[in-house]
Ligand code: SF4
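Residue numbers (the working numbering): 44 to 272.
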């Protein structure tokens, strides 16, 4: 399903983000239909999948050059055998976030800003992810109890003026669930900046719907942090 094939035969629901999520590529068999793999590639990817999940939206897979093993998009999305190697300097939590978590799903390292982990689910699991200890392990969303604890913590800590909603990818949540989080933060007077960390504009752009934008507009300004490579 490379770019040429997609333009020739795009499934009718291609522009529906929920269809894209439901048809994510998660197995070697499905992957072999969109990129060319050697027998060694197949073995390596299968071995890696014993440890780490793969998930690639059909949209993002369509951007891969199926014949180029070094295609930069492929390298971000397709597992490689190097991921299974244990190295002396490997760290489960390379950004040392666990030690800065005063309440579950919250990281408070710098005085005036916090990281709110809204979900451990993503539409695509990046091979370079630094939160693999949690992301992709379980498709969990934040519980209401933890969210209320976070709101209480931020209300108490009046020095916090910047909240980055991240995960996982918060934009794989329903618009309703995301609004619940944003509305709760906007109701705290000293929260000035609300940011969303997401790769959705890159790997699932059809998620940027009119419905989502209308919701976000109610709580402006909202900042989006993304990364393309
Ligand atoms: S979108 Fe972010 S959290 Fe999700 S796998 Fe990629 S880098 Fe990790």
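In this text, a Cβ means the ideal position worked out from N, Cα and C, and glycines have one as well. In this text the structure is predicted, and so the values were computed from the model without any measurement.
Own chain partners of residue i with C-beta closer than 6 Å, once the 5 adjacent residues on each side are dropped
i: residue 228; result: 206, 234 and 237
i: residue 156; result: 205
i: residue 267; result: 239
Assumed close pair residue i, residue j - CB separation to whole angstroms, cut-off 8 Å
i: residue 163; j: residue 178; result: 5 Å
i: residue 91; j: residue 127; result: 6 Å
i: residue 193; j: residue 132; result: Incorrect: roughly 32 Å between the Cβ atoms, too far for contact.
i: residue 88; j: residue 112; result: At roughly 12 Å, the Cβ-Cβ gap does not stay under 8 Å, so residue 88 and residue 112 are not in contact.
i: residue 176; j: residue 136; result: 6 Å
Distance CB(residue i)-CB(residue j) smaller than 8 Å
i: residue 116; j: residue 107; result: yes
i: residue 271; j: residue 220; result: no
i: residue 69; j: residue 246; result: no
i: residue 225; j: residue 190; result: no
i: residue 239; j: residue 213; result: yes
i: residue 120; j: residue 167; result: yes
i: residue 60; j: residue 249; result: yes
i: residue 208; j: residue 161; result: yes
i: residue 255; j: residue 218; result: yes
i: residue 77; j: residue 104; result: yes
Neighbourhood of residue i by C-beta, 8 Å cutoff - its chain only, sequence neighbours within 5 removed
i: residue 47; result: Note that residue 47 has pLDDT 44, beneath the 50 cutoff, so the model's placement of it is unreliable and no number is given.
i: residue 198; result: 231
i: residue 242; result: 165, 166, 167, 169, 212, 269 and 270
i: residue 62; result: 54 and 56
Segments assigned alpha helix (DSSP H), at least 4 residues, entirely inside the region 177-253: 187-199, 218-229 and 243-246
Pocket of ligand 1 defined by Cβ to heavy atom distance under 5 Å: 165, 168, 169, 172, 178, 212 and 242
Every unbroken alpha helix (DSSP H) within the region 93-137, with a cutoff of 4 residues, ordered by chain: 101-104 and 115-120
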